[in-house]
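Q: Chains as they are written, first to last, in numbering that gives the first Met the number 0: chain A, 0 to 214; chain B, 0 to 214. Mind having a look at this structure? Questions to follow.
Number of protein chains: 2
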Amino acid sequence: MKTTIAIVDDHELMARALSGLVQKYDAYEVLYEVANGEELIKHIKLGMIPQIVLLDINMPVMDGYETAMWLKNNHPEIKILALSMNDNEASIIGMLRNGAHGYLLKGCKPFELKQALDSLVERGRYYTDFVTSQLIKSLNPETLQDPVAALHLNEREMDFVRLACSDLTYVEIADKMCVSPRTVDGYRESVFQKMGVKTRVTMVMEAVRLKIVEL
Amino acid sequence: MKTTIAIVDDHELMARALSGLVQKYDAYEVLYEVANGEELIKHIKLGMIPQIVLLDINMPVMDGYETAMWLKNNHPEIKILALSMNDNEASIIGMLRNGAHGYLLKGCKPFELKQALDSLVERGRYYTDFVTSQLIKSLNPETLQDPVAALHLNEREMDFVRLACSDLTYVEIADKMCVSPRTVDGYRESVFQKMGVKTRVTMVMEAVRLKIVEL
DNA sequence: TTTCCGCTGGGGAAATATCCCGTATTTTTT
DNA sequence: AAAAAATACGGGATATTTCCCCAGCGGAAA
């Protein structure tokens, strides 16, 4: 009996590539590929329950975090291998906290994928040195005592966040920071990523919570 | 020597109307009309210093609050008569706190304007019963102990604010509240007005500050 | 040297937010 | 009963946000 796998990734190409990769291994079988968590859940509710889910973190509709949470609550027997481009702490820790059993960077070598799958089957988990090191970093005093530092925002990004906590538009912020609006666009994207948020509204709320700005 | 007046209002029409009104009174003279606080400050820095400023509260660029604050700090000798459509506490108290010497509703009768100007010249202040009553309201326990109650948000508006503290779009919020997006549009406008904010971002920050939502 | 990466910025497009106009119904006030 | 205020809602215009694509440039690392 082969180990069944579901692939959840909104990037068609990535999903196909993964699928192809997995199918080369005799021990594994791809049940299906879907584009987001919602579709995965639909399939699962129809009884198509895989043993392992390769789960992309960044997806529209229902992202990796939410999906992992749902799986953890509704099908704890399914092993989750998180896939991401991000190598930042927040992503990793977030996924692990939400129930992921392993974390793989999309840039990894094929043999690592195999290794991870084998490990999931045999030991139910797969933690690379990289993940471990990030976890350790998250335990160090700097991070514990200063979650702001853990975001690793640079000076400009800090400034941007503070300015964004206002009625200013991005164009006005660009003015104040003496850079092009495109550059501010970059700051925004970067901060969104690092803080794990999707809109200016939640970014501001995070900034307030972390006391990056006072009220 | 006539008492000199500057009019600050971004509504061209309103500014003209006021100007015309004032010029009917022999004792007063309109030095100039400008559209916002920034322009007023420019004029003042050029030495065109009026004795009284008719100051609209709701303006782009630099609104009444900021302008009043600047005047208070830089030209405390100038008397400020705040003009507003809003009859809510927050507006009034905000302006008085920022240094306004009087507060007039835009819907008032012409003779009231005259009265107000005379009072400013003679006694340096002009407080109508209305303003006083609002101030008294602001002293009552409900308001003192619960600044949230002072906003007088109704249930739907409360719900709206809470839902707005998220990544949800207004359309999604309308869904959750089971009303039309237009209605949510109305909630937004109403809450903006009551909280004295201009954008969703600052509304959220106010909501957090007032602990209408927890982080 | 070459390669890679972070910061900067350009063009364009789609989604959202903001604001304007207005109507109908209901409730409250006078 | 008439007038006024409050509420729900619709069309449409504009501003802003969000997200794509892409390229150069300087420093760090291989």
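Glycine included, every Cβ here is placed at the ideal spot set by N, Cα and C.
Would you mind reading off the limits of the alpha helix (DSSP H) that contains residue 117/B?
A: First-last of the alpha helix (DSSP H) with residue 117/B: 109-122.
Q: Can you pull the chain B neighbours of residue 165/A, defined as C-beta to C-beta under 9 Å?
A: In chain order: 198, 200, 201, 204.
Q: When the Cα of residue 24/B is compared with those of 75/B, 116/B, 12/B, 7/B, which residue comes out closest?
A: Residue 116/B is the option with its Cα nearest to residue 24/B.
Q: From the DSSP output, which residues share a beta bridge with residue 28/A?
A: 3/A, per the DSSP bridge assignment.
Q: Could you check where the alpha helix (DSSP H) with residue 193/B kicks off and where it finishes?
A: Residues 180-194.
Q: Would residue 207/B count as contacting chain A if we go by Cβ distances under 8 Å?
A: It does: the Cβ of residue 207/B has a partner Cβ on chain A nearer than 8 Å.
Q: Can you tell me which of 41/B, 70/B, 192/B puts its alpha carbon nearest to the alpha carbon of residue 51/B?
A: Of 41/B, 70/B, 192/B, the residue nearest in Cα terms is 70/B.
Q: With 8 Å as the threshold, decide whether the Cβ of residue 214/A is near any Cβ in chain B.
A: For residue 214/A, the answer is yes, since a Cβ of chain B falls inside 8 Å of its Cβ.
Q: Use the C-beta contact count for residue 179/A: other C-beta atoms within 10 angstroms, 16 or more gives buried, fewer gives exposed.
A: It is exposed - the Cβ of residue 179/A has fewer than 16 other Cβ atoms within 10 Å.
Q: Would the stretch 28-44 of chain B count as touching the stretch 189-205 of chain A if we require 3 or more Cβ pairs under 8 Å?
A: Short answer: they don't touch.
Q: If you draw a straight line from the alpha carbon of residue 124/B to that of residue 167/A, how long is it in whole angstroms?
A: Approximately 34 Å, taken between the alpha carbons.
Q: Could you tell me which of 99/A, 120/A, 67/A, 72/A sits nearest to residue 26/A, measuring between CA atoms?
A: When each option's Cα is compared against that of residue 26/A, the closest is 120/A.
Q: Report, in whole angstroms, the separation of the C-beta atoms of residue 218/A and residue 54/A, which I expect to be a contact under 8 Å.
A: For residue 218/A there is no data in the structure shown, the boundaries of chain A being 0 and 214.
Q: Measure the alpha-carbon distance for residue 151/B versus residue 192/B and round it to whole angstroms.
A: Looking at the two C-alpha atoms, the distance is approximately 11 Å.
Q: Considering just the uninterrupted stretch of the alpha helix (DSSP H) at residue 52/A, what are its terminal residues?
A: Here residue 52/A belongs to no alpha helix (DSSP H); instead the beta strand (DSSP E) covers 51-55.
Q: Within the same chain, show all residues whose beta-carbon is closer than 8 Å to that of residue 113/B, passing over the 5 residues directly before and after it, in chain order.
A: 24.
Q: Given a cut-off of 8 Å, decide if residue 98/B and residue 61/B are closer than it, judged by their beta-carbon atoms.
A: Cβ distance not < 8 Å, so residue 61/B and residue 98/B don't count as in contact.
Q: Residue 59/A and residue 9/A look like a contact to me (Cβ under 8 Å); what is the Cβ gap, rounded to whole Å?
A: 6 Å between Cβ atoms; contact.
Q: Where do the ends of the alpha helix (DSSP H) carrying residue 101/B lie?
A: Here residue 101/B belongs to no alpha helix (DSSP H); instead the beta strand (DSSP E) covers 101-104.
Q: Mind checking if residue 18/B is an interface residue toward chain A, Cβ cutoff 8 Å exclusive?
A: Output row for residue 18/B: interface = no.
Q: When the Cα atoms are used, what is the spatial distance from residue 43/B to residue 73/B?
A: If I take the Cα positions, the gap works out to 10 Å.
Q: Mind reading off the beta-carbon distance from residue 217/B to residue 84/B? Whole number of angstroms is fine, and I expect it under 8 Å.
A: Here chain B covers residues 0 to 214 and nothing more, so residue 217/B does not appear.
Q: Can you grab the Cα-Cα spacing for the pair residue 37/B / residue 80/B, in whole Å?
A: C-alpha separation (whole angstroms): 17 Å.
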